[in-house]
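Heads up: the structure comes next, in structure tokens.
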Amino acid sequence: MNARQEWVRRIPNVIVGVLAGAVAAIVTALVMALSRSWFGIMPPPESVPDRVAPLLDIDTFFSMFGTYGGYNGLKQFGIMSGLRGLFTVGIIVGVAYALVIESRCSRRSPRWFLGASRPAWIFIIGAVLAVWIGFVIFLWPVLPANFIGLPYSTSRIVSIAALLIWYVLFAGTVMLVYRTTTSRLARSQAVTAADASAVDTNDTKNATTATPASTAVAPIARPLSRRGLLNAAVGAALVYPLYELMKDFYYDATFFYDGTVYSGTGIQPITPTDEFYTVTKNVVDPDVDRDLWELEVRGAIDNDITMSFGDLDAYEQIDQESTLMCISNRIGAGLFSNANWRGIRMRDVLESAGVHDDAYEVKLSGADAFVDTFGMDYALDENTLLVYQINGEPLPRIHGYPVRVIVPGLYGEKNVKWITRIDVITEDVEGFYEQQGWGPDFVPPTRSDIFAPRTAGAGQSAIFREEIRAGSQVEIRGRAFAADRGIRSVEVTTDDGATWEPAEIYYPGTDLTWSLWRYIWTPEEPGEYRVYSRAVDGTGTPQPSEPRGIIPQGARGYNIVTATVVEPLTL
Ligand SMILES: Nc1nc2c(c(=O)[nH]1)N[C@H]1C(S)=C(S)[C@@H](COP(=O)(O)O)O[C@H]1N2
Ligand SMILES: [Mo]
23 MNARQEWVRR IPNVIVGVLA GAVAAIVTAL VMALSRSWFG IMPPPESVPD RVAPLLDIDT
83 FFSMFGTYGG YNGLKQFGIM SGLRGLFTVG IIVGVAYALV IESRCSRRSP RWFLGASRPA
143 WIFIIGAVLA VWIGFVIFLW PVLPANFIGL PYSTSRIVSI AALLIWYVLF AGTVMLVYRT
203 TTSRLARSQA VTAADASAVD TNDTKNATTA TPASTAVAPI ARPLSRRGLL NAAVGAALVY
263 PLYELMKDFY YDATFFYDGT VYSGTGIQPI TPTDEFYTVT KNVVDPDVDR DLWELEVRGA
323 IDNDITMSFG DLDAYEQIDQ ESTLMCISNR IGAGLFSNAN WRGIRMRDVL ESAGVHDDAY
383 EVKLSGADAF VDTFGMDYAL DENTLLVYQI NGEPLPRIHG YPVRVIVPGL YGEKNVKWIT
443 RIDVITEDVE GFYEQQGWGP DFVPPTRSDI FAPRTAGAGQ SAIFREEIRA GSQVEIRGRA
503 FAADRGIRSV EVTTDDGATW EPAEIYYPGT DLTWSLWRYI WTPEEPGEYR VYSRAVDGTG
563 TPQPSEPRGI IPQGARGYNI VTATVVEPLT L
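Sequential numbering from 23 applies to the sequence shown in this note's numbering.
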């Protein structure tokens, strides 16, 4: 046979390779989905995008929001790319396997288990090891993820073992499907047929000299045989449970609540728990089993600590009201809430562990392998807590059940949810968002905004949605926030900064919370007015007036609301 015929003869084998790769990808995806669902193990279609996300710079990250429809669209794109990747790689490996097992040297070597030659076994074992080791190295930082809350160090081992099991399962399925779809019984007839047809070609030399031994071992691939169709049917049938599991994940996904804001005219001093703003990097948030959960404290300390949920009782219980705000909260927007938290001081835990003098910062990890860091000054601050209650109830799942960090002086991302590990470290490590280029300063500047009467828009170009009648009394209300510095006073201007009047602070809160304020305005004349506020923090520093966007250190500037005042009603 000449080279072209040789290739043509292999087409059925390649088709069976595609079939084997596709069926193996379905089987693997199904087992991955079950592992995720039952054991909380993060499979590659989820972990690869999660690993890549912090490597993107902020501008790319935000332009992808634009392309894919926000953070949630980007998350869906990530998962779908992961699944496409699994199927693409699956089919490539299936075809490569078919080509290797059908190669000349493979046909000459003896067959081992599953009808595969030595080269085929070397290929498949090599591929599994290469992919496994490659993924372990690449995914290393996210391997401690475990969405049912297995302890941090156990989780990494579980993830590594799961990767191996998934890839072995994949390879085994490729071999099995290939083996059962290529017929060995028909081999001798096939060889006769092949030899007979070869005589018709110019390649008579090959046809006459070919020994049965060198061609006879070529199995005949039969994609359309009963077994081929059976394999295809099994693969197709498994799509249904896979689809059902994916549907469950979809309805459990963060798409429905990620980015929830607390805003509008009904803002209360304490945010009701179910209205608390939410931000998460995850597609499906952890659902931690409190009985499995442990907090590991490791690193530059005298005594390692591993505590269960019950061990939290051993420390002084602290009730603290404090406000949490995301770094991407635009001026006048609602990624911003205030609550009563109950927990223990991080300082008390660290002191019982005995922190070394060379400790530089704490690296905090969540069950979702989210990582963030802050300096020892914050870690040892009396206001930095490990909390397990919000507003008198256990933390809801989406806010970090069973235990999260609350660090009032810093932006929301530092408040790690579902915390499972504290490493006291001696050099600087960047957190999930910091790697994208956020920061390096994570201290919120003092800000104030207006939420009533009803507004539209944010920042420096907001408007009151309703017309105001000249001569009527308008109650303007807003919030003011200065991280852990407190609010001393708020002033309001209704004439674009020409004059400022003091606002009444009707909810002062504490140094760690927002303050709510009001100002009664009676516009005398119709026209357009620019209304805004300025706060002074507890140290006496006024809020910065120079506007700044959220990237990379959070927004600042006035929340300028344009009011349209119309003629009074005359009867
Ligand atoms: N483990 C973990 N912690 C996390 C996050 C996360 O994705 N995973 N997101 C952070 C961000 S960006 C913010 S703004 C806050 C939001 O907390 P909340 O959803 O309880 O309001 O959690 C932070 N902690
Ligand atoms: Mo955030």
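Ideal Cβ positions, reconstructed from N, Cα and C, are used throughout, including at glycine.
Note that the coordinates shown come from a computational prediction; the quantities given were computed from them, not determined experimentally.
Residue i burial status per 10 Å Cβ neighbour count (16 or more: buried)
| i | result |
| --- | --- |
| N24 | exposed |
| V261 | exposed |
| Y551 | buried |
| Q211 | Note that Q211 has pLDDT 43, beneath the 50 cutoff, so the model's placement of it is unreliable and the number below is only indicative. By the neighbour-count rule (16 or more Cβ atoms within 10 Å), Q211 is not buried but exposed. |
| T214 | Confidence in T214 is poor, its pLDDT being 44 and thus under 50, which makes the residue's placement unreliable; the coordinate value appears in the next sentence. When all chains shown are included, T214 counts as exposed. |
| T544 | exposed |
| T287 | exposed |
| P569 | exposed |
| N325 | exposed |
| A220 | Legend: pLDDT at A220 = 41, less than 50; position of this residue unreliable, value from coordinates given subsequently. Its Cβ being crowded by 16 or more others within 10 Å, A220 is buried. |
| V587 | buried |
| K439 | buried |
| A74 | According to the sequence displayed, residue 74 carries Val and not Ala. Exposed: under 16 other Cβ atoms inside 10 Å. |
| L591 | exposed |
| L252 | exposed |
| A258 | exposed |
| F298 | buried |
| K303 | buried |
| P18 | Absent from the model: residue 18. The displayed extent of the chain is 23 to 593, so no value can be given. |
| T89 | exposed |
| T561 | exposed |
| R507 | buried |
| D296 | exposed |
| W315 | buried |
| E318 | buried |
| S177 | buried |
7 Å CB neighbourhood of residue i in its chain, flanking five on each side removed
| i | result |
| --- | --- |
| F87 | Y93, L96 |
| N437 | L346, R426, V427, I428, V429 |
| G500 | S470, D471, I472, F473, W539, S555 |
| A120 | N35, V36, V38, G39, Y200 |
| R491 | V588, P590, L591 |
| T276 | T302, N304, V305, V306, D307 |
| P141 | V122, S125, C127, S128, S131 |
Counterpart residues of residue i in DSSP-defined beta bridges
| i | result |
| --- | --- |
| I323 | V377 |
| V446 | G321, V384 |
| I471 | For clarity, residue 471 is Asp in the given sequence; the question names Ile instead. Bridge partners of D471: R501. |
| L538 | R501, Y529 |
| T82 | Paired residue(s): none; T82 is not in a bridge. |
| F486 | T477 |
| W543 | V496 |
| V425 | Bridge partners of V425: none, in fact. |
| P430 | Its beta-bridge partners do not exist; DSSP assigns none. |
| L408 | I366, V427 |
| N168 | I63 |
| G549 | V587 |
| D559 | I509 |
| E523 | V514 |
| T287 | T287 is not bridged to any residue. |
Extent of the continuous beta strand (DSSP E) to which residue i belongs
| i | result |
| --- | --- |
| M64 | It is not in any beta strand (DSSP E) - M64 carries neither H nor E in the DSSP assignment. |
| I366 | 358–367 |
| F396 | 393–397 |
| R130 | Element bounds for R130: not the beta strand (DSSP E) but the alpha helix (DSSP H), 126–130. |
| E297 | Here E297 belongs to no beta strand (DSSP E), and DSSP marks it neither H nor E. |
| A585 | 583–588 |
| T345 | 340–347 |
Same chain only: Cβ atoms within 6 Å of residue i, ignoring 5 sequence neighbours per side
| i | result |
| --- | --- |
| P530 | S537 |
| A232 | Residue placement at A232 is flagged as unreliable, the pLDDT there being 39, under the threshold of 50; the coordinate-derived value follows with that caveat. Closer than 6 Å at Cβ, skipping near neighbours: no residue. |
| A183 | none |
| D445 | R320, G321, K385 |
| L161 | S69, R73 |
| G493 | P590 |
First and last residue of the uninterrupted alpha helix (DSSP H) at residue i
| i | result |
| --- | --- |
| A274 | Note that residue 274 is Asp in the sequence shown, not Ala. 248–274 is the span of the alpha helix (DSSP H), which, as asked, contains D274. |
| L161 | 140–161 |
| V196 | 174–203 |
| F109 | 92–123 |
| Y455 | 454–458 |
Residue i Cβ short of 7 Å to ligand 4 heavy atom set
| i | result |
| --- | --- |
| L267 | Here the bound small molecules are ligand 1 and ligand 2; ligand 4 is not part of this structure. |
8 Å Cβ shell around residue i - same chain, five flanking residues per side excluded
| i | result |
| --- | --- |
| E338 | I366, R367, D370 |
| S57 | I63, P65, A184, W188 |
**Request:** Check each residue's C-beta against every heavy atom of ligand 2 and list, in chain order, those closer than 5 Å.
**Result:** V301, C348, G434, E435
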